[in-house]
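Residue numbers (UniProt numbering): 1 to 253.
Glycine included, every Cβ here is placed at the ideal spot set by N, Cα and C.
Working notes for the structure below.
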C-alpha cells in the first residue's frame, strides 16, 4: 500500500528554477544554491534538447518544454505546501505559462522573453529546411569570465518552437493570478523591451507587483554583477508571499 499519497506536505517552501533557450542550468545553479541556503527546497530541471549538443534541439516541440516544467512543478508540489517559480529568458515564459496551469505561489522573472526579436521568426517553418543553424545567442554577460555553458549554435527549427511558445504564453498572460516579480537589465542584447511591454500589457492589473532595474548586468543577469540583488530580493519576495496578506510590507518598484 502506498503511504506517500496521504503523507502531509512539508511547510518548507520550494522553488522551481527554469533556464533559458539553448542555455543550461549553469545560469540557475547559483540562484538555486542561495535559495537552498535560505531555507527553500529547489529544483532546476534540464529542458528537453539542452545540455547535450545543439542538434538535439531539432525535433523538440515547445510542448515538451512545457510538459517538463509541469512535471518538475508537480514533483515539488507533491511534497511542499507552497511552490514558487523562477525563470530566466525563455524560462520566464515557461514560468508564466506554468502559472496559468498550476497553483503557483509566486513568480520571479529575470529578463523574460515573450517576443522573438527577429523579423524572420514567422518564416522559420520554411527557413529551417534551408538553414539548419545560426549564430548563438549566449553569454550576454557584463562580468568578465562568466560562462553560462550555452550551445555554440542556435537551431532554426528550435527558434520556430520558441516563437510558438512565446505566442501561446502571451495569449495566456491574463490567466496569471500569482504575484509576479520582474528583474530587468538596463542593457540586454538578447531580449528587447517588446517583451517587457508584452508582459505589462498582458498581465492583469496588480499581478506585476515588483519591477527591479539591474543597472550593472546584461541578459544572463543571474551570473552577472547584479546576481546578489536577484538572489536576495527573490528570497525576500517569496518569504513575503508566505505571510498573511495583512502582514505583508509594501511592494517594491
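Query, Result
"Residues bridged to residue 154 by DSSP?", "134"
"Please report how far the alpha carbon of residue 206 lies from the alpha carbon of residue 40, in whole angstroms.", "26 Å"
"Alpha carbon to alpha carbon, how far is residue 169 from residue 66?", "10 Å"
"Helix, strand or coil for residue 181? Go by DSSP, reduced to three states.", "strand"
"Kindly list the residues whose CB is nearer than 6 Å to the CB of residue 173, restricted to its own chain and excluding five residues on each side of it in sequence; keep chain order.", "202 and 203"
"Is the number of C-beta pairs between the segment 217-230 and the segment 182-194 that are closer than 8 Å three or more?", "yes"
"Could you check where the beta strand (DSSP E) with residue 108 kicks off and where it finishes?", "107-110"
"Less than 8 Å between the CB atoms is what I'm expecting for residue 181 and residue 98, so what's the real figure, rounded?", "At roughly 15 Å, the Cβ-Cβ gap does not stay under 8 Å, so residue 181 and residue 98 are not in contact."
"Under a Cβ-count criterion, where at least 16 other Cβ atoms within 10 Å of its own Cβ denotes burial, should residue 101 be classed as buried or exposed?", "exposed"
"Using DSSP bridges, identify the partner residues of residue 10.", "80"
"As a quick exercise: from 38, 129, 70 and 157, pick the residue whose alpha carbon is nearest that of residue 234.", "38"
"Roughly how many whole angstroms lie between the Cα atoms of residue 270 and residue 19?", "Any answer about residue 270 is impossible in this case: the structure gives the chain only from 1 up to 253."
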